[in-house]
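Numbering (the numbering used here), first residue to last: 191 to 1044.
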C-alpha cells in the first residue's frame, strides 16, 4: 500500500488546480495602455457597460433582446449575446435585431450618435478594432443580411465605417460614404485548419490600419481561434484605405448597425456572443493581443503624425508575382531564365507590384509618396504604358479564328456612387464607354474580371448593351438583359450565354437584387481570381469600322491590392522583354527596373532547321523516287525476262517432247507400215499384226497430241482445268483394266492461274505414276485425291498392289523422273512403299501468280 495516500492526493489536487489557474491566468482581460482609446469588458449584468479609459464613453443602450451576463472565456468574466430580435423579418431591413449602443435609445437623427470628439483612431490616423466572439450559428446558416461586429453608422450624412462578417464567409471592413476615405478590406475566413469557424470555440477578430493612407495593404484583417496555441494573430487578408478617417462621428454600435429610420431597422445582428471590445489608436502588432503570453507580445509601432513626418527617399523593389499565359498560371519562373512558350499567339497577363525591402511591410511603407507604375513589353509597345489595378469589364473583338483584334478594358476601383453596404442594396450607376469594331471583327467577347489575385471587393452589373451613338437606340447584344428564371434565382445560377472562369469560378456569382438579377464578383481571397465571360457572333445589324457605345449599370466596392496587371493579347512568336518601373509623383524613379525575358517559339515551319531539313527531305524523296522508279523498271524487266525464259523453256520442252515422244511414235508407225506392206502377200498374218500395232500406235499418237495441245493451250492454265484433265486421264488409263480407281477431287476449285510448265510437269508426273500402277502393282485399287489449301497443291496416289522395297529397288519404276520433275517447279515428291502393302506417292507444289497472267 502506497504511504501517505492522503497527502499524495492533496498534492496532486494542488498541482492540478495550480495548472488550471496558470492556464486561466494567461487569458487575463486587457488592461488599458497608452494606446488604448476605448475598452469595454462587457462584464456587467446590465447597462451601463463601463469604458475602462478614464473619461471614456460607456455603452448604455442594450436593446432589442440583447442579453448581458452570458458565458465568456475563463478569466474574461461575462459577455453579451446578440442572437435575438424585437420583431421584423429576418433577412430584410425591417428586422429589429439585438444591439448595444452608446446612447440610451435609438433615434432617427444625431441624438444617438457618439459624442463630438469621440476618438476612434490615433493621432497619426492608425487604429485597431478588436473583440472576441462565439457563434451560435455559422455565417452560411444565418438568416440576417450580415453579421455586424462594430459599426459607426448614422441615419444621415454620418455613415463612417462597418466592421462585420458576411454570410458568404468573409470578414470585411468597409469605409462608408462620410468617413473621408475609400477602399477597405475583405478576406475569406478560413474554411479549414485550426481557425475554421465553429459554434464551440471563441475567436479573436481584429482589423488594423497603420496610418499610411494610400499605401498598399495598409489595412489588415485577423481571425484567430482562442486557445489554439497561436503565438501571433492569424492574418487572413489585407486591403487599402485611401486616407485616414476624417473624425466625423455616427451611431456607435456593438453587434449590429444603428440606422433607425422608416423602412430600416437594426437588421444585421451578430448571431452569438461578443466580449472584450477594444479600440486602439495604433496598428497593433499581431502578437499584441490578450491570448498571446505577455512575455511574447510586441509593443505597438507608432507612425509619426503628419506634422512630424519626414518623407525619406522611397526605397522599394518591384516584384513579379505571377505571369498568366492564356489565363493560366505559368510554370515557376527561374532566376535569370527566360519564360519559354510554345508556338502560337498567346495572351500574357503580368502581375507585379512593390515589395518592401524589409520584412515589415508596415515599417517600409511609411511614405505617402504618389507611386505610379509603368510597364513596357519590348517588341510590342513603342513606349511605356501605365498599369491598372482593380476589377474591370473587358470588351474584345475577335476574328474568325477567335483571335483578339481589338480590346478595351474599363477598370473599377474604390466605391461606386450610391454604394451602401452590399451589392443587393446599393444603387446601380449608369456608365457609357466608346468601343470600336475593326473591319475583320466577327465576334464579341465580354469579360467581367476580378483583376489580379490580391484585388478584393464587390463588383456587379445588371444590364449591358451595345448601341449606336445617340439616345434611344436599341442594344445589339443578345444576352445583356438579366431576368429572373429557373437559372438565375440562386447565387450559383448562370444567365443564358454567360460562363464562369478563373482560378476560383465561385467568385463569379449571381447577384439577387430586388428588381432584377445581375452578374457579379464577390472576391475575398487574395490568392485567386474569378470572371464571367460571354461570346456573341456579330449580328447583321452590327457594322464594322464603326464606333459604338458600350452601356452598362454597375455597383462596386473594389479594394485594389498592391498588385498591378498588364495584359497583352495575341502576342506572336518572337523574343520579348517585359519591363516595369516605379515612378514618384514628380517623375522620379522610385524603384529598380523589373525585367523578364520571354521567348515564344515560332511554329515548326519557321524554325531555323526547317528549311534545310525540308530541302534535304525533298532531295531524299526525289532520289528515292528515282531509285524506286529505276527499281520498278528493273523489276518489270526481270519479270519480262523470267517470262521470256519460261516461254523459252516451254518451247524447248515442247520441241523435246515432240521429238522424243511424237517422233518415236511416228517412226514406229512408219516401220509398222513398211513391215505390213512387206508381209501383206508373203505372210498375211504378220501383216495384220503390224497393222494392228500401227493402229494402236496411231491411237496413242492422237492421245499424246491431245496431251501436248492441252499442255500448251493458255486456256487450260488454271487449277480447275488441271483437275479436270487429271480426272479424264485417270478414267482413260484405268478403263478396261484390272485396276479399280477411286477419286477424291473437290467439287469446286478456284480458277487460279498456273504456269504451263507447272501444269505440264504435274500432268506428266501423275500420268507416270498411273503407268507405274498399271505396270507394277497388279490387280488392285488405286486412290487418287487432290487438295488445295490456298497456297499449295497436294496430290496423293495410293494403290493396294504388291508394293516394293525402296531400299533394294534398282529404281526401275521411273521414280527418279518424278522427283526431278517436281524439283524443277519448286515442289516435292514423297514415295513410301513396302512389299505386300502397296505404294503411296504424295506430290506437293506451291502455287503463285504467274508473270504475265491475270
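Even for Gly, the Cβ is constructed at its ideal location relative to N, Cα and C.
Best match in the options for proximity to residue i [C-alpha to C-alpha]
i, options, result
"residue 357", "342, 331 and 346", "331"
"residue 451", "389, 441 and 884", "441"
"residue 235", "228, 252 and 221", "252"
"residue 764", "870, 407, 288 and 567", "567"
"residue 914", "291, 685, 953 and 370", "953"
"residue 335", "372, 280 and 320", "280"
"residue 620", "724, 1032 and 745", "745"
"residue 622", "634, 604, 583 and 858", "583"
"residue 316", "872, 909 and 434", "434"
"residue 998", "1018, 987 and 1023", "1023"
"residue 938", "912, 919, 932 and 946", "912"
"residue 411", "350, 595 and 715", "715"
"residue 676", "217, 702 and 653", "702"
"residue 789", "455, 569 and 273", "569"
"residue 694", "248, 519, 1025 and 679", "519"
Residue i vs residue j beta-carbon contact at 8 Å
i, j, result
"residue 536", "residue 516", "yes"
"residue 752", "residue 406", "yes"
"residue 645", "residue 579", "yes"
"residue 219", "residue 480", "yes"
"residue 929", "residue 972", "yes"
"residue 408", "residue 345", "no"
"residue 640", "residue 700", "no"
"residue 392", "residue 322", "yes"
"residue 979", "residue 944", "no"
"residue 1048", "residue 396", "With the chain covering 191 to 1044 only, the question about residue 1048 has no answer from this structure."
"residue 1019", "residue 983", "no"
"residue 869", "residue 880", "yes"
For residue i, the first and last residue of its enclosing alpha helix (DSSP H)
i, result
"residue 911", "909-924"
"residue 962", "946-962"
Per-residue DSSP class, three states only, for residue i
i, result
"residue 381", "coil"
"residue 877", "helix"
"residue 281", "coil"
"residue 789", "strand"
"residue 192", "At residue 192, the pLDDT of 40 sits below 50, so the modelled position is not reliable; the number obtained from the coordinates is stated separately. The answer is coil: DSSP assigns residue 192 none of H, G, I, E or B."
"residue 1037", "coil"
"residue 643", "coil"
"residue 562", "strand"
"residue 935", "coil"
"residue 667", "coil"
"residue 335", "coil"
"residue 943", "strand"
"residue 585", "strand"
"residue 608", "coil"
"residue 330", "helix"
"residue 822", "helix"
"residue 472", "coil"
"residue 810", "helix"
"residue 454", "strand"
"residue 484", "helix"
"residue 732", "coil"
"residue 1031", "strand"
"residue 423", "coil"
Extent of the continuous beta strand (DSSP E) run through residue i
i, result
"residue 228", "226-230"
"residue 972", "970-978"
"residue 1011", "From DSSP, residue 1011 is part of no beta strand (DSSP E) but of the alpha helix (DSSP H) over 1005-1014."
"residue 701", "698-702"
"residue 386", "Unbroken run through residue 386: none, as it is neither H nor E."
"residue 742", "737-749"
"residue 621", "619-626"
"residue 985", "982-989"
"residue 350", "No beta strand (DSSP E) contains residue 350, which DSSP labels as neither H nor E."
"residue 291", "289-291"
"residue 1072", "Outside the shown range of the chain, which is 191 to 1044, sits residue 1072, and nothing can be said about it."
**Asked** Do three or more CB pairs link the segment 284-300 to the segment 418-425 at distances below 8 Å?
**Response** no
**Inter-stretch contact (C-beta, 8 Å, three-pair minimum) for the segment 338-356 and the segment 482-491** = no
**Three CB pairs or more closer than 8 Å across the segment 913-927 and the segment 959-978** = yes
**Asked** Using 8 Å as the Cβ pair cut-off and three pairs as the minimum, do the segment 969-984 and the segment 1004-1013 touch?
**Response** no
**Message:** Does the segment 431-445 come into contact with the segment 376-392, if we say contact requires no fewer than three beta-carbon pairs (one atom in each stretch) closer than 8 Å?
**Reply:** no
**Asked** Below 8 Å, can you find three or more Cβ-Cβ pairs linking the segment 626-639 to the segment 710-724?
**Response** The segment 626-639 is in contact with the segment 710-724.
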